[in-house]
Amino acid sequence: MRPTKEQANQNRQRIIDTAGKLFREKGIHAVGVDEVMKGAGLTHGGFYGHFKSKGDLAAEALSHAMDESLRSEQDYPSLAALAETYLSKAHRDEAENGCAVASLGPELARLPSGKRGVIASYIRERIGQVEALQEKTGGNADRGKAIADLSSLVGALVMARAVDDEALSDEILAETIRIIGSNR
1 MRPTKEQANQ NRQRIIDTAG KLFREKGIHA VGVDEVMKGA GLTHGGFYGH FKSKGDLAAE
61 ALSHAMDESL RSEQDYPSLA ALAETYLSKA HRDEAENGCA VASLGPELAR LPSGKRGVIA
121 SYIRERIGQV EALQEKTGGN ADRGKAIADL SSLVGALVMA RAVDDEALSD EILAETIRII
181 GSNR
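Take a look at the structure:
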């Protein structure tokens, strides 16, 4: 029996949610369609009823993850507060639930250009968020500084996740929070 339209939409959303988590946890290229479908509780054969390719799924899953990230965030009182949350140990340790750019940066750059527009939109929105926080704390919006601060946040998270020395990882997080927080 064919699923109803509502069931098909729910299945599609489960695939997108599962793929988003798996891609951020393991990497896009390390996760196959079989693993995504199994994680979503569906069979491999149903994949192509929802997506033309794994690339299409990746683009949609990342778009959804980025939208969710922006929608679910609190309203930060300052850039320092954003830095403390973004560079928390919990965010470092839970890549599957965290920032897709920090988890997948080099892989995102290898996606076909037609699939990267959502990433550019997300980064533009994040730059705007940092500029708004600059103004919120009494300064002027400085796009160049906003880009540098955002790059520092993402880079620090990547580095903190990459090292196998927890003390160094913690130091990377703490020092970046300190510098961004004092750099008003």
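In our numbering, the protein residues as written are 1 to 184. Note that the Cβ used here is the ideal one computed from N, Cα and C, for glycine as well. As the structure is a prediction and not an experimental result, all values here were calculated from the model.
For this session: Assuming alanine 100 contacts alanine 65 (C-beta within less than 8 Å), just tell me the rounded distance between them.
Result: 5 Å
Exercise. Taking the Cβ atom as the reference point for each residue, do leucine 150 and valine 163 lie within a distance shorter than 8 Å?
Worked result: no
For this session: Report yes if the C-beta distance between arginine 24 and leucine 104 is below 8 Å; otherwise report no.
Result: yes
Problem set entry | Close-in-space but distant-in-sequence residues of the same chain around leucine 82 (CB under 7 Å, 5 per side omitted) | Tyr76, Leu133
For this session: Would you tell me roughly how many angstroms separate the C-alpha atoms of histidine 91 and valine 31, rounded to the nearest one?
Result: 21 Å
Exercise. On the premise that aspartate 34 lies in contact with histidine 44, defined as a C-beta separation below 8 Å, what is that separation, rounded to the nearest angstrom?
Worked result: 5 Å
Exercise. At which residues does the alpha helix (DSSP H) containing serine 53 begin and terminate?
Worked result: Serine 53 -> no alpha helix (DSSP H), and no H or E assigned at all.
Problem set entry | Close Cβ partners of isoleucine 28 (< 7 Å) along its chain, the five nearest in sequence each way excluded | Ala58, Leu104, Glu107
Exercise. Are the Cβ atoms of leucine 62 and glycine 20 separated by less than 8 Å?
Worked result: Yes, they are a contact pair.
Problem set entry | Length of the line joining the Cα atoms of lysine 136 and valine 154 | 22 Å
Problem set entry | aspartate 56 versus Arg126, Arg116, Ala95, Ser69, residue with shortest Cα-Cα distance | Arg116
For this session: Report the three-state DSSP secondary structure of tyrosine 76 (helix, strand or coil).
Result: coil
Exercise. According to DSSP, is glutamate 171 helix, strand or coil?
Worked result: helix
Exercise. Which two residues bound the contiguous alpha helix (DSSP H) that contains aspartate 149?
Worked result: 143 to 162
Problem set entry | aspartate 165 in three-state terms, based on DSSP | coil
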